[in-house]
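There are 2 protein chains.
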Amino acid sequence: MSRKEVLFQYYYEHIRHNIVNFLKWLVLAVLTGLIVGGASGIFAKCIGAATAYRDAHIRVFLLLPFAGLLIVFLYQKLGSQDGGTNQVLATIKSKDKIPFISAPLIFLSTLLTHLTGGSAGREGASIQFGGSLGSWLGKMAKLDEFDQHVMIMCGMSAAFAAVFGTPMAAAVFAMEVASVGVMYYAALFPCMIASIIASRFADGMGVNPETFLVVKIPELTIANGLKIGLVAVGCSFLSILFCILLKYTSKFYQKYLKNPYLRVFAAACIIIALTALLNTRDYMGAGGNLITRAIEEGQARPLDFLWKMILTALTMRAGYRGGEIVPAFSIGATFGCVAGSLLGLSPGLSAAAGMAALFCGVTNCPITAMLISFELFGFSGVAYYLIAISISYSLSGYYSLYKDQTIIYSKYKARYINRKTQ
Amino acid sequence: MSRKEVLFQYYYEHIRHNIVNFLKWLVLAVLTGLIVGGASGIFAKCIGAATAYRDAHIRVFLLLPFAGLLIVFLYQKLGSQDGGTNQVLATIKSKDKIPFISAPLIFLSTLLTHLTGGSAGREGASIQFGGSLGSWLGKMAKLDEFDQHVMIMCGMSAAFAAVFGTPMAAAVFAMEVASVGVMYYAALFPCMIASIIASRFADGMGVNPETFLVVKIPELTIANGLKIGLVAVGCSFLSILFCILLKYTSKFYQKYLKNPYLRVFAAACIIIALTALLNTRDYMGAGGNLITRAIEEGQARPLDFLWKMILTALTMRAGYRGGEIVPAFSIGATFGCVAGSLLGLSPGLSAAAGMAALFCGVTNCPITAMLISFELFGFSGVAYYLIAISISYSLSGYYSLYKDQTIIYSKYKARYINRKTQ
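First to last, the protein sequences are chains A and B. Residues 0 to 421 (numbering that gives the first Met the number 0) are what the first sequence spells out, left to right. Residues 0 to 421 (numbering that gives the first Met the number 0) are what the second sequence spells out, left to right.
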């Protein structure tokens, strides 16, 4: 062959390979978006129905201990190796597999947790069953290990997008969270497509995307900048506190309540007693009501954030399921709201910024935090959210909700460290 | 000391160190924001005045060859080692220094290029003199090598933010561009603060942030998704073509026009002749007029993108200064506009998506591309921009405007490759 023919052959092969690869991911992403989007839509509907039922029949709250026993029983029998969201993150970076059974398990146990008023989110469930469905689809398509990781991210982001209606944040979250400082851009195209399709599909099923109306956004002056900075400093310490509290609750349970059935039962009794003492239903479930009230009405009680934190730690570490992110949202929003009123800054705006900052602090995902704030609060308070997020990232240390998360580049110096979070 | 005292000492030191570090960066970021923001504001004003003067007195275009001679002379005498934006990227990753002289040099030569109607952007100039000012500030503050890198990023983002009025995209661009797939989050807080301050400061000086009004955004149906996908596929090939064209123009000049004075003079004559032949002023300068017309009015001539590409390559590789990104914007916008009308998709929307996609293709920075599109076009067409950007990223290969850019993770597989771009 002449040199020209060799070159032609080279480019031809190159382009052909690119196009085949592209089409493969297009098909897989569309499939993931439809399947995961559909499943997540049903999940979101069920969670909504469970919450509505609980609101109407508050006595189900007394069933919390028994729901806990059932959840522990299911996991003991069917999924004793299940490690929650953390396991999904670990599988993005390793050869581990996500067992398919974890999808229905997390679905059911999150539903039970919400129905009986445990303080837990739902995004952990979405991430886990999305990742598990994605992994399963990848196995069907006989993908290799690297592509399998992309499929897990793809499933995660589709589920996240469907439940929250935030496709952009969902796609970036899947790429950003496992190894902070490294973006797995190979997953960009499939994650984006799957997220957009999943969120549209869920939308079509009547799952409304969440948005919050932030009113009274003041001009960004130096004084206001410093005030939002103070709120963010508070949020970064709070995010460290939340991570430590979750960890020590775990340790406490392991030391004094070794038997998992006894543990979940005792925890549920403590939660019920605390709730009776506080005399409010506000801390049941994900805490969406707290968020809405803090952001849209600028209303929160001074200790809402503390109680939500304690009740979430008690619930989640006892064996209930659902995730810590939405509770983290409500902790940030209620704290931000209170801090804002104290400092004389619009409480609704501070609540929104606090929510984004706390999310960033506990997940170490600043880009996702930015995108979430645009998708949930709109674009007008953007400078405030950016300040809060970047301060919270740089002051929240190496703490995280996920013990297998790694921080690849130092938070303090532009250098490689590759350390696990605490 | 007892164990408690040791622990206390440890935490005390840790927190003190964190706070000192935080305050150090706050002060440096504010300073960078003010100094770079002020200088960039003046720069933007001057570029605006030069463009207005050229529009009013079109005969200055005939001075293009002489402006070129002057620029080459200045660089031969004062900055023969100057490597443009690429050099700034290289210094983020290495121990190289940016010479301070490069700031006034790039300022003046970009101004001359715009005044006499060369086809060039201005962001290259901003990035370079911002980086150079940041580096100089870091030297004043006696920072170590790692912090010096952060100061370069900080200066780059402040300048970018001041010139375009897009603080978010600016901050992320500085962290994303040098090593694609790695985010230098240690720079997040300083870059964000410097960008916000610089853009506010420039705003106060009367430099208006650019925004484009995208009208007629249709519902995202499957058909429209496929159409925007086709536009993006076109843009990704176009971005490869643009990079190759720039490279071969360089090679051509080096082969046939070795003497830099002769080169710039001959190139200017070709540019003048081509412009006379095409009988339009539209390709002079950055091409903002082409962008506005394409996005807001949905108007572009079929070959606008090709001529802008050729004239930019001829101008920039001959020795003129300013940058290739804004020309890339106008190439993407005009192509998107034409492709949109052919496919029956809103030409303004396609133009906006094409602009973001081409930017992503030539810089390999998808997150920056997303943020730029929100900041310039608003939030309503977001799904379209996301599709276009992610397709363009995955199909544009390892080509780049900057030869020292590295792609750390493969575009096709979730694995480490660490390869230089072409």
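The C-beta atom is built at its ideal place from N, Cα and C for all residues, glycine as well. Quick caveat: nothing in here was measured; it's all calculated off a predicted structure.
Verify whether the separation of the beta carbon atoms of residue i and residue j is less than 8 angstroms.
i, j, result
"serine 101 of chain B", "glutamine 127 of chain B", "yes"
"isoleucine 425 of chain B", "glycine 133 of chain B", "Here chain B covers residues 0 to 421 and nothing more, so residue 425 of chain B does not appear."
"tyrosine 415 of chain A", "isoleucine 406 of chain A", "no"
"serine 391 of chain A", "cysteine 234 of chain A", "yes"
"glycine 347 of chain B", "isoleucine 294 of chain B", "yes"
"glycine 284 of chain A", "glycine 116 of chain A", "yes"
"isoleucine 227 of chain A", "tyrosine 74 of chain A", "no"
"isoleucine 70 of chain B", "serine 118 of chain B", "no"
"threonine 112 of chain A", "arginine 320 of chain A", "yes"
"glycine 123 of chain A", "threonine 84 of chain A", "yes"
"proline 189 of chain A", "leucine 27 of chain A", "yes"
"serine 379 of chain B", "isoleucine 216 of chain B", "yes"
"alanine 351 of chain B", "serine 329 of chain B", "no"
"valine 325 of chain A", "glycine 286 of chain A", "yes"
"alanine 327 of chain B", "valine 162 of chain B", "no"
"serine 198 of chain B", "alanine 140 of chain B", "no"
"phenylalanine 200 of chain B", "glycine 40 of chain B", "yes"
"phenylalanine 172 of chain A", "threonine 367 of chain A", "yes"
"phenylalanine 21 of chain B", "leucine 313 of chain A", "no"
"glycine 154 of chain B", "glycine 129 of chain B", "yes"
"threonine 31 of chain B", "leucine 187 of chain B", "no"
"alanine 158 of chain A", "serine 125 of chain A", "yes"
"lysine 412 of chain A", "alanine 185 of chain B", "yes"
"leucine 63 of chain A", "isoleucine 388 of chain A", "no"
"valine 179 of chain A", "glutamine 404 of chain A", "yes"
"methionine 191 of chain B", "valine 381 of chain A", "no"
"tyrosine 247 of chain B", "alanine 317 of chain B", "no"
"tyrosine 401 of chain B", "leucine 88 of chain B", "yes"
"leucine 244 of chain A", "methionine 174 of chain A", "no"
Let's test the definition: count the other Cβ atoms within 10 Å of the Cβ of residue i and tell me whether it reaches 16, buried, or not, exposed.
i, result
"leucine 276 of chain B", "exposed"
"alanine 279 of chain A", "Note that residue 279 of chain A is threonine in the sequence shown, not alanine. Looking at its Cβ environment, which holds fewer than 16 other Cβ atoms inside 10 Å, threonine 279 of chain A is exposed."
"tyrosine 11 of chain A", "exposed"
"valine 214 of chain B", "exposed"
"histidine 16 of chain A", "exposed"
"cysteine 268 of chain A", "exposed"
"glutamate 323 of chain B", "buried"
"arginine 58 of chain B", "exposed"
"glycine 205 of chain A", "exposed"
"lysine 76 of chain B", "exposed"
"phenylalanine 60 of chain B", "buried"
"isoleucine 221 of chain B", "exposed"
"lysine 410 of chain A", "buried"
"leucine 225 of chain B", "exposed"
"histidine 148 of chain A", "buried"
"isoleucine 18 of chain A", "exposed"
"tyrosine 183 of chain B", "buried"
"asparagine 258 of chain A", "exposed"
"glycine 164 of chain A", "buried"
Round the Cβ separation of residue i and residue j to the nearest angstrom and send it over; I've been treating them as touching at under 8 angstroms.
i, j, result
"alanine 332 of chain A", "leucine 289 of chain A", "7 angstroms"
"serine 194 of chain A", "alanine 170 of chain A", "5 angstroms"
"serine 238 of chain A", "tyrosine 398 of chain A", "7 angstroms"
"leucine 142 of chain B", "cysteine 45 of chain B", "Actually they are not in contact, since the Cβ atoms of leucine 142 of chain B and cysteine 45 of chain B sit about 30 angstroms apart, beyond 8 angstroms."
"leucine 310 of chain A", "leucine 256 of chain A", "About 17 angstroms separates the two Cβ atoms, so there is no contact after all."
From the DSSP output, which residues share a beta bridge with residue i?
i, result
"arginine 418 of chain B", "B:Ile406"
"valine 179 of chain B", "B:Ile406"
**Request:** Please go through the region 81–121 of chain B and give each complete alpha helix (DSSP H) segment of 4 or more residues, from N-terminal end onward.
**Result:** Whole alpha helix (DSSP H) segments, 4+ residues: 83–92 and 101–114.
**Message:** My parser needs the alpha helix (DSSP H) runs of 4 or more residues fully inside the region 130–177 of chain A; what are they?
**Reply:** The region 130–177 of chain A contains these whole alpha helix (DSSP H) runs: 144–163 and 166–175.
**Asked** Of all the alpha helix (DSSP H) runs that stay within the bounds of the region 37–78 of chain B, which reach a length of 4 or more residues?
**Response** Within the region 37–78 of chain B, the runs of alpha helix (DSSP H) at least 4 residues long that lie entirely inside it are, in chain order, 63–77.
**Prompt:** In the region 309–356 of chain A, which residue ranges form an unbroken alpha helix (DSSP H) of at least 4 residues, counting only runs that do not cross its ends?
**Reply:** Note on the region 309–356 of chain A: whole alpha helix (DSSP H) runs with a minimum of 4 residues are 324–342, in chain order.
**Message:** To test your reading of the DSSP string, which unbroken beta strand (DSSP E) runs of 3 or more residues are found completely within the region 225–259 of chain A?
**Reply:** Secondary structure within the region 225–259 of chain A: not one fully enclosed beta strand (DSSP E) run of 3 or more consecutive residues is present.
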